[in-house]
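Quick note on numbering: the sequence shown equals residues 436 to 778 in the numbering used here.
Built from N, CA and C at the ideal position, the CB exists for glycine as well.
Model, not experiment: these values are computed from the prediction.
Have a look at the structure below before the remarks.
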Amino acid sequence: MKRPIEFASGVYMLEVPFPEGLFPPDSPPCTLCYLIKQSSGWLMIDSGFNHSSCFDALCEQLAALGLTLRDIRWLVITHFHPDHSGLASRIKAVGNPHVIMHRTDWDVVQLITTPLENWGTGLEDWAGALGMMSNELEQFRHVAVFGRGLFPVTLAPDILLEGEDSAIGDTGTLRALLTPGHTPGHISIYDKRNRFLFSGDHVLLGISSHVTADLFGDDDMLGNYLDSLRQVRLLNVDLVLPAHEKPFTGLSRRVDELLLHHEVRLDQVLSAVGSRPTSPRDIASQVQWTTGVWDGLDGMHRILAIQETLAHLHLLKNQGQVDMVQQDGKSLYKQVSGFSHSL
Ligand SMILES: [Zn+2]
Numbered sequence: 436m437k438r439p440i441e442f443a444s445g446v447y448m449l450e451v452p453f454p455e456g457l458f459p460p461d462s463p464p465c466t467l468c469y470l471i472k473q474s475s476g477w478l479m480i481d482s483g484f485n486h487s488s489c490f491d492a493l494c495e496q497l498a499a500l501g502l503t504l505r506d507i508r509w510l511v512i513t514h515f516h517p518d519h520s521g522l523a524s525r526i527k528a529v530g531n532p533h534v535i536m537h538r539t540d541w542d543v544v545q546l547i548t549t550p551l552e553n554w555g556t557g558l559e560d561w562a563g564a565l566g567m568m569s570n571e572l573e574q575f576r577h578v579a580v581f582g583r584g585l586f587p588v589t590l591a592p593d594i595l596l597e598g599e600d601s602a603i604g605d606t607g608t609l610r611a612l613l614t615p616g617h618t619p620g621h622i623s624i625y626d627k628r629n630r631f632l633f634s635g636d637h638v639l640l641g642i643s644s645h646v647t648a649d650l651f652g653d654d655d656m657l658g659n660y661l662d663s664l665r666q667v668r669l670l671n672v673d674l675v676l677p678a679h680e681k682p683f684t685g686l687s688r689r690v691d692e693l694l695l696h697h698e699v700r701l702d703q704v705l706s707a708v709g710s711r712p713t714s715p716r717d718i719a720s721q722v723q724w725t726t727g728v729w730d731g732l733d734g735m736h737r738i739l740a741i742q743e744t745l746a747h748l749h750l751l752k753n754q755g756q757v758d759m760v761q762q763d764g765k766s767l768y769k770q771v772s773g774f775s776h777s778l
């Protein structure tokens, strides 16, 4: 059993392993959760998948510190993904902490945890508009049905954050900052006393976080992500404590790498947009993905690639470089005539 690592007085990192055998080998091995001592109890950041092995690992590591779930006064969820939010309901049922997340991500949890039958034709319409093939949609549906159980299906958060910067805990040193992009309501926690940034999946060391397109409209999520990267770059941070891999120094250097990564990808997406209207799916199939070549990607990874492409298309549209046209229920993209692009 892993013993929690102490990074400063009263700040611990817990490793909650991903459930064995459920994920491809390129998935991260665990969710890193953090415990921060407050005046009237502990504040925990993130949880782990809704799975017994994760629950047991978490409780064992708390026990190694002489703690139980009843010592957790606040549980802060950085974003709705199940490796972060999954155990929130079980933790709430046992320890009754105040569960905190951003309202924007809570809206998404409610959508996902609705039984799939209630989605009606919404999923087909959505996938069809992106140009997805029916076999890709089937694969995605399969993963979605399976994955639903890893979410906190019965969660009812106690505190829904609304703004961009909110005080959390009771020591006056922690702030939850809205850092959208990976998800629309992703938050990072800034610890002013220790100059730590608990970055969730907003900034990771070796992985460039997936940036999703707006699920409910065509908000420029990539633009929001790049803006929020530039925002955290301005913070006085000595150590970044992310939710995967390992803590690291050099926040501004890492942010610069991520900004460059998206510049390159924007160029790739723009090159794949022709003068004829093309679906996000067909544009995505021409982009270079770190997870592999398009033909080798399964339905889930294709959805992620299409979503990421769409986020880039929304930004390019905002910049006036591409146009979107509706044709036969599809949202297609083409270069703005007169705009010349060279690599
Ligand atoms: Zn994650």
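Local conformation of residue i per DSSP, three classes
i: Val580; result: helix
i: Glu692; result: helix
i: Asp733; result: coil
i: Val708; result: coil
i: Arg668; result: helix
i: Val588; result: coil
i: Trp561; result: helix
i: Tyr447; result: strand
i: Val728; result: coil
i: Val699; result: helix
i: Met568; result: coil
i: Ile624; result: strand
i: Phe484; result: coil
i: Gly604; result: coil
i: Arg505; result: helix
i: Gly658; result: helix
i: Gln770; result: strand
i: Ile512; result: coil
i: His533; result: strand
i: Glu441; result: strand
i: Gln473; result: strand
i: Lys681; result: coil
i: Thr466; result: strand
Assumed close pair residue i, residue j - CB separation to whole angstroms, cut-off 8 Å
i: Leu572; j: Ile535; result: Leu572 to Ile535, Cβ: 34 Å. No contact.
i: Val805; j: Met735; result: Nothing about residue 805 can be read from this structure; the chain reaches only from 436 to 778.
i: Pro517; j: Asn485; result: 7 Å
i: Ile622; j: Arg583; result: Rounded, the Cβ-Cβ distance is 23 Å, inconsistent with contact.
i: Ser643; j: Leu693; result: 6 Å
i: Arg668; j: Val646; result: Arg668 to Val646, Cβ: 17 Å. No contact.
i: Leu470; j: Gly483; result: Wrong, their Cβ atoms sit about 13 Å apart, outside the cutoff.
i: Leu676; j: Leu632; result: 7 Å
i: Thr466; j: Ala678; result: 6 Å
Where the beta strand (DSSP E) containing residue i begins and where it ends
i: Asn477; result: Note on residue identity: the sequence assigns Trp, not Asn, to residue 477. Gly476 to Ile480 is the span of the beta strand (DSSP E), which, as asked, contains Trp477.
i: Asp636; result: Element bounds for Asp636: n/a, residue is neither H nor E.
i: Val675; result: Leu674 to Pro677
i: Ile642; result: Run containing Ile642: none; DSSP gives neither H nor E here.
i: Ala611; result: Leu609 to Leu613
i: Gln723; result: Note, Gln723: premise wrong, no beta strand (DSSP E); not H, not E.
i: Val646; result: No beta strand (DSSP E) contains Val646, which DSSP labels as neither H nor E.
i: Gln762; result: Val757 to Gln762
Any non-hydrogen atom of ligand 1 within 8 Å of residue i CB
i: His696; result: no
i: Asp518; result: yes
i: Asp593; result: no
i: Asp702; result: no
i: His736; result: no
i: Ala523; result: no
i: His679; result: yes
i: Thr466; result: yes
i: Pro712; result: no
i: Pro463; result: yes
i: Asp636; result: yes
Enclosing alpha helix (DSSP H) for residue i [first to last residue]
i: Pro715; result: Pro715 to Ala719
i: Ser487; result: Ser487 to Ala499
i: Thr539; result: Arg538 to Ile547
i: Ser524; result: Ala523 to Gly530
i: Pro454; result: No alpha helix (DSSP H) holds Pro454; DSSP gives it neither H nor E.
i: Ser520; result: Pro517 to Ser520
Buried versus exposed call for residue i [16 or more other C-beta atoms within 10 Å across all chains shown]
i: Met656; result: buried
i: Lys627; result: exposed
i: Thr684; result: exposed
i: Met479; result: buried
i: Asp593; result: exposed
i: Pro615; result: buried
i: Leu695; result: exposed
i: Glu495; result: exposed
i: Arg737; result: buried
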